[in-house]
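Written out as C-alpha cells, the structure is:
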C-alpha cells in the first residue's frame with residue numbers, strides 16, 4: 029500500500045514488475061497492463077489520502093506534489109462543491125439569457141428578410157413558364173410577402189396606421205419618415221399600402237444595403253433605389269409613391285429614446301419634391317425606438333462610422349411593443365419655397381408628429397403595456 033510519506037509499498041511495486049515481465053500476446057496486451065497499473069496506482073493513492081489535505085496546505089514538505097494535486101482534484105470533485113458550481117452556472121444562465129436574447133432578436137428580422145429573398149427566388153423559378161402571360165411578373169410575390177409582413181406586424185407589434193387615407197390612391201407623393209434603429213415600421217407600412225391600395229411604394233436606401241449578400245433581388249422587386257436625385261425625380265414623375273428618411277443610417281444608429289431628428293443640413297429630398305412638383309407627407313411611428321435600440325451612443329462606433337462609413341454599432345431588442353404609424357397632413361408643392369425652406373418645413377412637420385404622439389423619453393415597459401390599451405393614455 030502507500031506508507032505515511034505517500035510512497036508506494038514495495039509489494040505493489042514488485043507485483044507491478046511481475047505484471048510487466050509476463051509474456052504479452054501483443055502490443056494491445058502490454059498497453060492494457062500499463063493502463064491497469066496506472067489505474068490501480070491512482071485508486072490506491074486517492075483511497076489513502078484522507079488526512080493528507082491538511083498536510084498539503086500546512087506546507088509539509090514530506091507530502092509529494094502529486095499527492096497534493098490528487099487531493100485537490102478529489103476536493104474539487106466533491107459532491108457538495110459540484111452542487112455549488114452547478115448553482116453558480118444556473119445563476120449565470122438566468123442573468124445572461126435575456127441579454128443574449130435581445131441581441132439575437134434583431135437577427136430574426138434579418139432572417140425574415142432572407143426568407144423573403146428565398147421565396148422570391150423560388151417564385152421566380154416557378155413563374156418562368158407563365159412569364160409570357162403575366163402583365164407583371166412580381167405582383168403575386170409582392171402581395172404574398174406583404175401579407176406575411178403585415179401578419180408579423182399585427183401579431184408581434186399590434187401594428188396600426190393612422191391617416192392612411194392621406195396617401196393618394198393614384199399619382200405621386202414623397203413620404204418622409206423618422207428612421208428607427210431598424211426601420212421595421214416602414215416595412216409594415218409598405219406592406220399595408222400594397223394590401224389596401226394595391227400600390228408599390230418605391231424607397232430610397234443607403235448604399236451599404238446594396239452590398240449586403242443576397243439583397244439585390246429583394247431591392248429590385250420592391251423598387252428600392254440608392255438615392256441619386258435624378259432617379260428619385262424619375263420615379264415621382266412616373267406617378268409612383270416614394271419613401272425616404274433624410275436621417276438615414278446616421279439617425280438609425282445615433283438617435284435614441286429622446287427621438288432627435290439627425291438630418292443635419294440635408295435638403296436633397298426637398299429639391300426632389302420641388303423638381304417633381306409633388307406633395308410631401310410626413311410620417312412617424314410611435315415606440316419605434318422601443319422595439320429596437322442601438323449602442324451607437326458609444327464613441328467608438330460613432331468614430332468608425334464617421335471615419336469609414338461602416339454602420340457596425342450593435343442593435344438589440346425585438347421587443348413586442350405597440351407600433352402606431354401616424355401620417356401627417358400633406359405639404360403641397362409651393363414654387364415660392366427654396367429647397368432649404370421646404371426641408372425645414374418638413375422637419376418641423378415630422379417633429380410635430382413626434383411631439384404629439386411620442387412620450388419622451390421612450391420607455392420599453394410602457395410601450396409593452398400599450399398593447400393592452402386601445403389608445404395611448406396621453407392622447
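In this note's numbering, the protein residues as written are 29 to 407.
Even glycine gets a Cβ: it sits at the ideal position worked out from N, Cα and C.
Counted within 10 angstroms of its Cβ, other Cβ atoms place residue i as buried (16 or more) or exposed
i	result
residue 126	exposed
residue 331	exposed
residue 119	exposed
residue 283	buried
residue 144	buried
residue 175	exposed
residue 376	exposed
residue 383	exposed
residue 257	exposed
residue 117	exposed
residue 369	exposed
residue 321	buried
residue 178	buried
residue 148	buried
residue 389	exposed
residue 324	buried
residue 381	buried
Own chain partners of residue i with C-beta closer than 7 angstroms, once the 5 adjacent residues on each side are dropped
i	result
residue 136	346
residue 367	295, 298, 299, 302
residue 213	313, 316, 351, 353
residue 339	236, 277, 281, 333
residue 205	214, 271, 273, 311, 312
residue 225	195, 197
residue 171	222
residue 395	315, 318, 349, 350
residue 292	none
Cα-Cα separation, residue i to residue j
i	j	result
residue 209	residue 221	22 angstroms
residue 333	residue 327	10 angstroms
residue 215	residue 191	17 angstroms
residue 344	residue 249	28 angstroms
residue 37	residue 115	Legend: pLDDT at residue 37 = 43, less than 50; position of this residue unreliable, no value from coordinates given.
residue 223	residue 121	43 angstroms
residue 129	residue 342	13 angstroms
residue 360	residue 373	11 angstroms
residue 285	residue 393	13 angstroms
residue 306	residue 362	9 angstroms
residue 247	residue 289	26 angstroms
residue 463	residue 240	Outside the displayed range of the chain (29 to 407) lies residue 463, so it cannot be described from this structure.
residue 397	residue 319	13 angstroms
residue 169	residue 123	42 angstroms
residue 161	residue 181	Confidence is the limiting factor: at residue 161 the pLDDT is only 40, short of 50, which leaves the residue's position unreliable and the question unanswerable from this model.
residue 357	residue 228	21 angstroms
residue 408	residue 165	The first residue shown for the chain is 29 and the last is 407, placing residue 408 beyond what the model contains.
residue 378	residue 184	25 angstroms
residue 400	residue 387	17 angstroms
residue 173	residue 211	17 angstroms
residue 245	residue 134	21 angstroms
residue 207	residue 275	6 angstroms
residue 167	residue 232	20 angstroms
residue 139	residue 131	14 angstroms
residue 151	residue 243	16 angstroms
residue 142	residue 234	18 angstroms
Residue interval of the beta strand (DSSP E) (run including residue i)
i	result
residue 321	320 to 322
residue 368	Per DSSP, residue 368 belongs to no beta strand (DSSP E); it is in the alpha helix (DSSP H), 367 to 385.
residue 201	201 to 205
residue 188	188 to 190
residue 312	308 to 314
residue 270	269 to 272
residue 355	352 to 355
residue 346	No beta strand (DSSP E) holds residue 346; DSSP gives it neither H nor E.
Within-8 angstroms CB hit, residue i to chain C
i	result
residue 233	Considering every chain present, this structure includes no chain C. It has just one protein chain.
Residue interval of the alpha helix (DSSP H) (run including residue i)
i	result
residue 294	Counting along the chain, residue 294 falls outside any alpha helix (DSSP H), and DSSP gives it neither H nor E.
residue 228	Counting along the chain, residue 228 falls outside any alpha helix (DSSP H), and DSSP gives it neither H nor E.
residue 172	167 to 185
residue 392	392 to 397
residue 327	327 to 336
residue 208	Here residue 208 belongs to no alpha helix (DSSP H), and DSSP marks it neither H nor E.
residue 237	Here residue 237 belongs to no alpha helix (DSSP H), and DSSP marks it neither H nor E.
residue 198	It is not in any alpha helix (DSSP H) - residue 198 carries neither H nor E in the DSSP assignment.
residue 276	276 to 282
Same chain, Cβ closer than 6 angstroms to residue i, five either side skipped, listed in chain order
i	result
residue 230	251, 263, 268, 270
residue 203	271, 309, 311
residue 385	314, 354
residue 261	300, 303, 304
residue 371	295, 298
residue 218	229
residue 238	254
Cβ neighbours of residue i in the same chain (closer than 8 angstroms, five flanking residues each side left out)
i	result
residue 265	200, 304
Any 3 or more C-beta pairs closer than 8 angstroms across the region 193 to 200 and the region 261 to 271:
yes
Would the region 348 to 365 and the region 178 to 190 be scored as touching if the rule is three or more Cβ pairs under 8 angstroms?
yes
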